[in-house]
Amino acid sequence: MALLLTGVEIDAALSDLGEWTGGPAGLSRVAELGTFPQAIGVVDRVAVVAEELDHHPDIDIRWRRLTFFCTTHSDGGVTALDLELASRIEAILREAFTKPAPRTVQ
């Protein structure tokens with residue numbers, strides 16, 4: 001069982017996580033990419049990180065809009081692993097936003 005983080009610890013960590021929000025129940029981030037293929041590319045990269053960490057976010061895909069939710073279900077809240085996962089997802093998103101969207105076939 002991992003140590004749950006306090007609200008104060010979570011708030012302090014969120015200040016370094018860009019557009020992430022949340023509290024003791026979990027961390028959330030919404031991102032809208034340029035195209036659907038670009039959004040799926042981000043999800044593919046997040047999947048690799050999630051497997052490396054053996055910790056998997058909830059991901060909602062709505063066309064170009066992605067919603068990530070990180071929590072440690074087995075412990076009932078946010079742990080250091082959730083912060084690590086959120087940080088890694090944020091790095092992937094920052095890189096995705098600096099690249100042009102892939103061209104689609106007409």
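Note that the sequence shown covers residues 1 to 106 in UniProt numbering. Glycine included, each C-beta is placed from N, C-alpha and C at the ideal position. For clarity, every value in this text was computed on a predicted model and none was experimentally measured.
Return the chain-ordered list of same chain residues with a C-beta closer than 6 Å to the C-beta of residue 83, the five sequence neighbours on each side being excluded.
13
Buried or exposed (CB count within 10 angstroms, at least 16 for buried), residue 63
exposed
Spatial neighbours of residue 45 within its chain, please: C-beta separation below 7 Å, excluding the five flanking residues on both sides.
92
From residue 78 to residue 89, what does the alpha carbon distance come to, in whole angstroms?
The alpha-carbon atoms of residue 78 and residue 89 are separated by roughly 16 Å.
Between the Cα of residue 5 and the Cα atoms of 60, 98, 70, which residue gives the shortest distance?
Cα-wise, what sits closest to residue 5 is 70.
Could you tell me whether the Cβ atoms of residue 86 and residue 33 are closer together than 9 Å?
no
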